[in-house]
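Working notes, beginning with the structure itself.
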Amino acid sequence: MTRALTRSKSRIKLLVLGLVGFGPLLLAYTIYFYFPDLLPSSTTNHGELIDPPIFIDEAKTSNDLEGSWALILIEDQCADDCEQLRYLATQVVKGLGKDSERVLNVVIQGLSLSTNEKSLVDDNFLYFTSGKVAELALISNGRPGLFLKDPNGNVILFYATDKAGKPMLKDLKHLLKLSNIG
10 MTRALTRSKS
20 RIKLLVLGLV
30 GFGPLLLAYT
40 IYFYFPDLLP
50 SSTTNHGELI
60 DPPIFIDEAK
70 TSNDLEGSWA
80 LILIEDQCAD
90 DCEQLRYLAT
100 QVVKGLGKDS
110 ERVLNVVIQG
120 LSLSTNEKSL
130 VDDNFLYFTS
140 GKVAELALIS
150 NGRPGLFLKD
160 PNGNVILFYA
170 TDKAGKPMLK
180 DLKHLLKLSN
190 IG
């Protein structure tokens, strides 16, 4: 009888170990496929996620842009808000503290800069022309704002003017903390 009792206890231990290992997997499977309304539907980012991301060719051909995060201002679509967005972009980069050297401020224009415009260039910003301006304008629906480019050259987030301050800084700090590149 003691042998049967020992066998019974061993089976219970094996069953408990199996439940500890496979229980969370079974629970996750059940929730994901049978109760999808229990899954979170929101994200923690404040910007608008661009899915699929837009690849900017200039990021790979320019030594200045390659391998770094960048806040991109499309100057062709910001009109009166350009100065405010430039100020916010500069302040966000300064607000990063020790990580500020990992992020660049970039202005992209659809047309090349004239000599008069080159004299107005701010030293805190890099200026580029890109054929992707129309594609980025479609994403933003013509709204002024800032785009965030990752070190691989992908534009991943858009921040409208109302989100281009502390919310953008919070997202950027989070991304830089998690990122091993750039």
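When we follow my numbering, the leftmost residue of the sequence shown carries the number 10, and every step to the right adds one.
Glycine included, every Cβ here is placed at the ideal spot set by N, Cα and C.
Predicted model only: the values in this text are computed from it and were never measured.
Which of the three DSSP states is assigned to residue i in this structure?
{"i": "G191", "result": "coil"}
{"i": "I83", "result": "strand"}
{"i": "P33", "result": "helix"}
{"i": "F42", "result": "helix"}
{"i": "E75", "result": "coil"}
{"i": "L184", "result": "helix"}
{"i": "I63", "result": "strand"}
{"i": "R20", "result": "helix"}
{"i": "S50", "result": "coil"}
{"i": "K103", "result": "helix"}
{"i": "G27", "result": "helix"}
{"i": "R111", "result": "helix"}
{"i": "A13", "result": "helix"}
What residues in its chain sit with their C-beta under 6 Å from that of residue i, if we drop five residues either side in the sequence?
{"i": "I190", "result": "P160"}
{"i": "K4", "result": "Outside the shown range of the chain (10 to 191) lies residue 4, about which nothing can therefore be said."}
{"i": "S149", "result": "F167"}
{"i": "L47", "result": "I40"}
{"i": "H183", "result": "none"}
{"i": "V101", "result": "M177, L178"}
Leaving out the 5 sequence neighbours to the left and right, which residues in its chain are closer than 7 Å to residue i when beta-carbon positions are compared?
{"i": "E144", "result": "I63"}
Quick check: residue i and residue j, are their CB atoms within less than 8 Å of each other?
{"i": "N134", "j": "N163", "result": "One detail in the question is off: residue 134 reads as Phe in this sequence, not Asn. Their beta carbons are not under 8 Å apart, which means F134 does not touch N163 by this criterion."}
{"i": "L181", "j": "A98", "result": "no"}
{"i": "G151", "j": "Q86", "result": "yes"}
{"i": "C172", "j": "G56", "result": "Residue identity differs from the one stated: residue 172 is Lys in this sequence, not Cys. Yes; because the gap between Cβ atoms is below 8 Å, this pair is in contact."}
{"i": "L94", "j": "P176", "result": "no"}
{"i": "D108", "j": "L185", "result": "yes"}
{"i": "Y96", "j": "V116", "result": "no"}
{"i": "E170", "j": "D90", "result": "According to the sequence provided, residue 170 is Thr. The question's Glu does not apply to it. Yes. Within cutoff."}
Name, in chain order, the residues that DSSP records as bridge partners for residue i.
{"i": "Y96", "result": "In the DSSP output, where bridge partners are listed per residue, Y96 has none listed."}
{"i": "K175", "result": "In the DSSP output, where bridge partners are listed per residue, K175 has none listed."}
{"i": "V116", "result": "L82, Y136"}
{"i": "E157", "result": "Checking the sequence shown, residue 157 turns out to be Leu, not Glu. Its beta-bridge partners are L80, L166."}
{"i": "E57", "result": "F167"}
With a threshold of 8 Å on Cβ separation, who are the neighbours of residue i within its own chain once the five nearest residues in sequence on each side are excluded?
{"i": "S77", "result": "R111, V112, L113, P160, G191"}
{"i": "L105", "result": "R111, V112, L178, L181, K182, L185"}
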